[in-house]
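Reading through the structure tokens given below for one structure.
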Amino acid sequence: EGGAAEVTAVRYDEECGYLYDVQYVIRRGTEKGLMESFLQPVDSTPVKRRCALSAGVSSPTDGIIRRLEIENQRLREAADVQKWRANVLARKLAECTMKLKRLTGELQLKIEEVRAERLEFQLEE
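Structure follows, in structure tokens:
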């Protein structure tokens with residue numbers, strides 16, 4: 001309808017099926033001959049409505065909204081995973097900090113014991 005187009009990408013979505021990115025081929029001088037609706041990226045021409053219905057959405061706009069919702073959900077899930085990983089690492093860091101404090105305290109006690117033993121040895125001589 002109104003000109004040429006080329007499929008630039010094909011991807012599969014579990015909910016919508018196969019999704020196609022279409023790039024319209026418009027050369028200088030031919031734009032005057034195209035229908036006005038063809039030049040609009042999101043329109044409701046009968047052909048686009050048929051394509052949208054076969055993709056499982058009621059209109060091209062609904063398809064865009066659905067893809068954005070899917071992408072937002074994917075990003076939310078990725079953020080949740082990152083938060084979980086950050087919490088795990090924070091707990092491990094807290095455990096290591098406590099262990100380091102405990103070991104530092106034990107080391108201080110050992111240093112004091114060695115000093116006391118040296119002092120006793122020096123006093124015996």
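FYI, in UniProt numbering the residues of the sequence shown are 1 to 125.
Ideal placement from N, C-alpha and C gives every residue a C-beta, glycine not left out.
Near residue i, what residues of its chain come up, given a Cβ to Cβ distance below 6 Å and the 5 sequence neighbours on each side ignored?
i, result
"Leu-19", "Arg-11 and Asp-13"
Just to confirm my understanding: we take residue i, look at its own chain, exclude 5 residues before and 5 after, and list those with CB closer than 7 Å. What are they?
i, result
"Ala-78", "none"
"Val-114", "none"
Which residue from the options puts its Cα closest to that of residue i?
i, options, result
"Arg-66", "Ala-86, Val-88, Cys-96 and Gly-17", "Gly-17"
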